[in-house]
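Line order of the protein sequences matches chains A and B. When the letters of the first sequence are read in order and numbered with the working numbering, they come out as residues 5 to 180. When the letters of the second sequence are read in order and numbered with the working numbering, they come out as residues 5 to 180. From the three backbone atoms N, C-alpha and C, an ideal C-beta is built for every residue, glycine too. Here is the structure we will look at.
Number of protein chains: 2
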Amino acid sequence: MPEPAARLDLDDYLPYLINRVGSIMALRFGEDVLAQFGLSIAMWRVLAALSSHGAQRHTDLAGLTSIEVSTLSRIVTRLVRMGLVVRAPSKTSGREIALALSDRGRRLVDRLIPLGRRYEEIASAGLSKQENAVLRRALRRMYRNLIDAEPMAVNDRTGSPDAAIRTASRPETPTI
Amino acid sequence: MPEPAARLDLDDYLPYLINRVGSIMALRFGEDVLAQFGLSIAMWRVLAALSSHGAQRHTDLAGLTSIEVSTLSRIVTRLVRMGLVVRAPSKTSGREIALALSDRGRRLVDRLIPLGRRYEEIASAGLSKQENAVLRRALRRMYRNLIDAEPMAVNDRTGSPDAAIRTASRPETPTI
DNA sequence: ACGCAACTGTTGTAAATGCAATTTTTTTGC
DNA sequence: GCAAAAAAATTGCATTTACAACAGTTGCGT
C-alpha cells in the first residue's frame, strides 16, 4: 500500500516561504538599488560582510556570505579591480590573504546601508516589535539547527552503500 | 555632511538571516536527499509546486517557484525526459493547462514530501508552536509587502502604473 | 629535519542561469 | 472567419556558477 499521500501545502512549508521571500527581496533590492551602483547581490553581500565583520580571510568570508570559495575568488577579483576591496597578504602566514574594504569601498557601503535598512523596513512593515524579534530569533535558531544537523539517512528499501562515504565527505559546509 | 556611518549588524539584518537559512537549507536537503534521486533543488521546487497546486501553465509555474521562465523551460524539458512531468497537449479549444505530474512523478513526490517535512522539523526544532506560527505569518507578510512595494529608486519617472502583480523570478540566489 | 596530511586560494571546465530575441499559441477586433 | 495584436513558450548567447584539479604553505608526528 502506498503512502496516504501526505499532502504538501506549499504556502505553509517553511523552505518554500523562505526561498520565496529571499528571491523577491534579492530581486527588488538588486534591481532597484544595486544595479545603479554596478553591483550584483553577491558583490553587495561581500561588501556588507566586510563592513560588518571587518577584514576577513577568503575562506571565512565564504562562510559568512554563503558563497562558494571559487565563486568568491572571482567576485573579489572584480571588487579589487573596481577599487572597492583590497587584498593584503597576511604577515604571519604565507597562504592567507586578508580581504578588507578600501576607503572607497567603505564609503560606498556606508551609502548603501541605509538603503538596505529601508528595504528591510519595507519588507517587515506591519510586523509588531515582538513578531519582528521572534522572526529573527527563529531564523537564527534554524540556521544553527541546520548547521548542527547530521545528514539524514534517507533510505529506501535496500541499504545504500554510501551512507558512510557521504558522512565522511561533506565538503563545503558554510561553517560561519 | 557625511552620514553618521550607520553600522550594519549582519546578524540582525533580515535579508542576511533569510539568505543564510535558505542557503544552508537548500544545501543540506539537496545533498542529503535530492541528490540520491537525481534531482536538483530547482527540479524539486517544480515537482512540489505541481503537487501542491495541481497542473499549471508555464508562466504560472514560474511565478510559483520563483524560477525564471527560460530556466524553467529547460528544467521542465528535463523532467519530461525523466518521465516525471507531462506536457498536456493543450487541446484546441480545451483548457490550457500545460504541465502536470505524471504518475511516476506523483509517486516520487509523495515519497519526497515526508522527507521535506522531516527537514522542516529539523530546521524548526526548538521553536514553540506560537513562534512557528509567527514565523510563517511573518514570512508571508514580507512576501506580500515586497510584491506590493513600489520601487524606491531615486531616478526615473515616478508612478509606474503597471499594477500587474510582480512575481519573484530570479535566482537560486536568495537574498542578501 | 623530514615527509605527509591538511589548509588556503586560484584556475580549468562543464553546466546552469538570465536576458533578449524568436517562434508558437491565444486573444482581439472587425 | 480571419488577420493583427498580445501573450506564452522556447532558444541563442554571453555570463555566472560549482566542482574538481592544482599549486603553494603550514603544521605535526616521528
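Check whether chain B comes within 8 Å of A59 (chain A), counting only Cβ atoms and requiring the distance to be less than that. no
C-beta neighbour in chain A for M146 (chain B), strict 8 Å: Yes - at least one Cβ of chain A is within 8 Å of the one on M146 (chain B).
Own chain residues within Cβ distance below 6 Å of L54 (chain B), not counting five before or after: L105
Please find out if some non-hydrogen atom of the ligand SAH comes closer than 7 Å to the beta-carbon of R85 (chain B). In terms of ligand content, the structure shown is empty, and the ligand SAH therefore cannot be addressed.
To which residues does DSSP link L103 (chain A) through a beta bridge? A:Q60, A:R91
Along the chain, where does the alpha helix (DSSP H) that runs through D36 (chain A) open and close? 18–36
Nearest chain A C-beta to V138 (chain B) closer than 8 Å, yes or no? Interface annotation, V138 (chain B): in contact with chain A, CB-CB separation under 8 Å.
Please work out which residues of its chain come closer than 6 Å, Cβ to Cβ, to I45 (chain B), disregarding the five sequence neighbours upstream and downstream, and give them in chain order. A30, G34
In whole angstroms, give me the CA-to-CA distance for A137 (chain A) and E135 (chain B). Linking A137 (chain A) to E135 (chain B) through their CA atoms gives a straight-line distance of about 10 Å.
Kindly say whether A66 (chain A), judged by its beta-carbon, lies nearer than 8 Å to any beta-carbon of chain B. no
With a threshold of 8 Å between beta carbons, is R24 (chain B) in contact with chain A? yes
With C-beta atoms as the reference, is L103 (chain A) less than 8 Å away from R111 (chain A)? No, they are not a contact pair.
For P19 (chain A), decide whether its Cβ has a neighbour in chain B, counting only Cβ atoms nearer than 8 Å. So yes, P19 (chain A) belongs to the interface.
In its own chain, which residues sit with a C-beta less than 6 Å from the C-beta of A66 (chain A), not counting the 5 before and 5 after it? V73, L76
Among the residues of its own chain, which have a CB less than 6 Å from the CB of R49 (chain A), if the five just before and after it don't count? T69
Rounding to the nearest angstrom, what Cα-Cα distance links D194 (chain A) and L21 (chain A) in this structure? Not covered by the structure: residue 194 (chain A). The range shown for chain A is 5 to 180.
Compare the C-beta of P93 (chain A) against all C-beta atoms of chain B and say whether one is closer than 8 Å. no
Would you say S106 (chain B) faces chain A, with C-beta separation under 8 Å as the test? no
Classification of P19 (chain A) by the beta-carbon crowding that lies within 10 angstroms, buried from 16 upward: buried
Note down, in chain order, every chain A residue with its Cβ under 8 Å from the Cβ of G120 (chain B). L12, Y17, P19
In the DSSP assignment, find the unbroken alpha helix (DSSP H) run with I79 (chain B) in it and report its ends. Counting along the chain, the alpha helix (DSSP H) containing I79 (chain B) begins and ends at 73–85.
Inter-residue Cα distance where the pair is D13 (chain A) and S56 (chain B): Those two C-alpha atoms are separated by around 6 Å.
Anyone know if the C-beta pair for R145 (chain B) and L150 (chain A) falls short of 8 Å? no
In the region 106–139 of chain A, which residue ranges form an unbroken alpha helix (DSSP H) of at least 4 residues, counting only runs that do not cross its ends? Runs found: 107–127.
Is the Cβ of L131 (chain A) closer than 8 Å to any Cβ of chain B? yes
Using 10 angstroms around the beta-carbon of A10 (chain B), count the other beta-carbons present and answer buried if the total reaches 16, otherwise exposed. exposed
So, under 8 Å CB-CB, G120 (chain B) and V89 (chain B) are touching, yes? Tell me the CB distance rounded to an integer number of Å. Actually they do not touch by this definition, with Cβ atoms about 18 Å apart.
Going straight from the alpha carbon of V113 (chain B) to that of L139 (chain A), what length do you get? Spanning the two alpha carbons is a distance of roughly 30 Å.
So the candidates are B:L43, B:V80, B:M47; which of them puts its Cα closest to the Cα of R61 (chain B)? Closest by alpha carbon: B:V80.
Under 7 Å Cβ to Cβ from S128 (chain B), same chain only, skipping five residues before and after it: list those, please. N136
Can you check whether the C-beta of R32 (chain B) is within less than 8 Å of a C-beta belonging to chain A? yes
Would you mind sorting N23 (chain B) into buried or exposed? The rule is 16 or more other CB atoms within 10 Å of its CB. buried
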